[in-house]
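Residue 462 is where the sequence shown starts when you use the numbering used here, and the numbers rise one by one after that. Reading through the structure tokens given below for one structure.
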Amino acid sequence: MKSDFNMSEETIFEVLKELPQALVFAEIDDIQSLASIHDLLQKLTTELKNEKNDYLYEVSKASEEMIESLVMGEAKNPETVLEVIGKVISNFQLLFNENYSQSEIAFPKELNIKTHPTKKEDKPELAEPVKTETEKDVNEAPAPAAKEDPPEIKQNIINDIISAINMDPALVVDFVAEVSEHLEACDNHLLSLESDPKNTEILNAVFRAFHTIKGVASFLNLSAIRQFSHSAEEVLDKARSEELSLEGDAIDAIFESVDCLKTMIDDLSNSASSGEPKSTIEGFTALIQRLNGIIGGEHLQSDDSPISVDEETQTQLDEPEEREIVEFDSGLPIEIIISEIPRFLEEVESHLENLNVNLLEIEKYPENKEIINAVFRSFHTIKGSSSFLGLIGFESLSHSSESILDKIRRG
């Protein structure tokens, strides 16, 4: 397929490489840092105008104007402006770096864009130097796994870190704490599974941990962590449905996945503390390819790819102009949302059971911070998973509850 983005591709990629770094170090009262973002967006707007893509041009232009209002001190909610710009940058990276189509992306409503994306298949075909982006590279099969990750993959992981920290530093801290707990529990559960691989209760607990990590990582746009959790989750789901046994290389790979995620979480935590984003992960690509191979060598679909279905449905997926696009805030195709709903409901049911127990305890012990934190994390996890699926009602209600609990946590 011939790319729609040939004329200024190199310049656009360069701007999208610089924007996340400029954004993470931006301060609302630092005019110079805001002006740098404005200049980069202005450059992007010019290039997109040259490409004659009215929709993306308007998105970029509206983002440029939002930053300009911040520089001029006219923005009513400065924090929201930076949050919106962060989402815009992430979406542009999905379009140009991860081969999404415009119809699969939901840009923030705050931009008030009236032009609609084209309905033709408009995924950019990437030039050779940028073809090896994180989620594209690791899912291309079959190729021998390199021991070292390509520089582009490390840069993509660093971009994830920058984007997440800029979006909500406090949420990153909560995310690190929550995921660390899940991973610690996974280590203990996996030790039990080594001696009892058919233990359904423990297997479900490990599966839910990876599923939860995936959902919350999606909310923070941590695409590498999301993708990695998804691959491990698929292996565990095969074990749950008794399509494979979690023994030998399979359980070894899950153990290594836990270690890999611990490293990525440590990198995220250290980057947030130091203000210097970096990644120390090695073998990210090789381990995901190994996980994919464990389920029989078939191509594992990422959260962002159409699911393998029957020929008639696949034809509809290949021709997005022939099917109705249902608007969800997640920007995911409806087929993926539907496939994830059963797991989402299973996860929420488990959290609601815990909430019932913990809320009864809070009535007895309203000062018990440990119980309050447990209730906060349950609502926080539900919010992350529902946000990933674009379930606005779930997300709104859990977010409101989480906000109240956060105030209680902070006294």
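Think of the CB as a built atom: it goes at the ideal place given N, C-alpha and C, for glycine as much as any other residue.
Assigned with DSSP and collapsed to three states, Met533 falls in coil, not helix or strand. Distance from Ile843 to Ser740 at the Cβ level is roughly 29 Å; contact not present, criterion being Cβ atoms closer than 8 Å. Restricting attention to alpha helix (DSSP H) runs no shorter than 4 residues, the region 492–544 encloses them at 492–511, 515–532, ordered along the chain. Under the three-state reduction of DSSP output, Glu703 falls in the coil class, being neither helix nor strand.
Using a Cβ distance threshold of 9 Å, Arg751 and Ala714 count as a contacting pair. Taking every protein chain shown into account, the CB of Ile550 has 16 or more other CB atoms within 10 angstroms, so this residue is buried.
For Ser859, the enclosing alpha helix (DSSP H) covers residues 853–870. A direct Cα-to-Cα measurement between Thr507 and Lys478 gives close to 17 Å.
With respect to the 9 Å criterion, Asp610 and Ile755 are not classified as neighbours on the basis of their beta carbons.
Where Ser656 is concerned, the enclosing alpha helix (DSSP H) starts and stops at 630–656. For the pair of segments examined, the region 674–681 was found to touch the region 628–643: the number of CB pairs separated by less than 8 Å reaches three. Here Ala631 is exposed. Its C-beta has fewer than 16 other C-beta atoms within 10 Å. Counting other Cβ atoms within 10 Å of its Cβ, Glu694 reaches 16 or more and is therefore classed as buried. Cβ-Cβ distances below 7 Å link Phe553 to Leu477 in the same chain, with the five nearest sequence neighbours on each side left out; the list follows chain order. In the structure shown, Ile489 falls within a coil segment according to DSSP collapsed to helix, strand and coil. Close CB contacts of Ser839 within its chain, under the 7 Å cut and outside five residues either way in sequence, are with His812, Asn815, Leu816 (chain order). Gln493 is classed as exposed because its beta carbon has fewer than 16 other beta carbons within 10 Å across all chains shown. For Ala487, the closest C-alpha among the options Ala646, Gly736, Asp727 is that of Gly736.
Contact check for Leu858 against Phe805 fails: the beta carbons are separated by 9 Å or more. Between Leu505 and Ser530, the CB-CB gap reaches or exceeds 9 Å.
Counting every other CB atom within 10 Å of its CB across the protein chains shown gives Pro569 a total of 16 or more, marking it as buried.
Inter-residue distance for Ala747 and Leu652 is about 24 Å (C-alpha atoms, whole angstroms).
Rounded to the nearest whole angstrom, the C-alpha separation of Asn620 and Leu480 is 10 Å. Excluding the 5 residues flanking it on each side, Leu501 has same chain C-beta neighbours closer than 8 Å at Val476, Glu479, Leu480, Ala483, in chain order. Leu866 is the residue among Leu866, Thr661, Leu543 whose C-alpha sits nearest the C-alpha of Phe837. Taking 9 Å as the cut-off, the Cβ atoms of Ile622 and Ser732 count as close.
If you draw a 10 Å sphere on the C-beta of Glu863, you find 16 or more other C-beta atoms in it, and that means buried.
A distance below 9 Å separates the beta carbons of Met628 and Asn682. Restricting attention to Ile869, Asp491, Ala711, Glu856, the CA atom closest to the CA of Asn829 is found in Ile869. Less than 9 Å separates the beta-carbon of Ser679 from that of Gly845. By the C-beta density criterion, Pro738 is buried, having at least 16 other C-beta atoms within 10 angstroms.
Look at Asn665 here: in three-state DSSP terms it is helix. By the criterion of a C-beta distance shorter than 8 Å, Ile833 is surrounded in its chain by Ile823, Leu866, Ile869, Arg870, once the five residues flanking it on both sides are discounted.
Shortest Cα-Cα distance from Phe557 to any of Ser861, Asp698, Glu471, Ser690 involves Glu471.
Cβ neighbours of Arg701 within its own chain (closer than 8 Å, five residues either side excluded): Thr661, Leu664, Asn665, Phe668.
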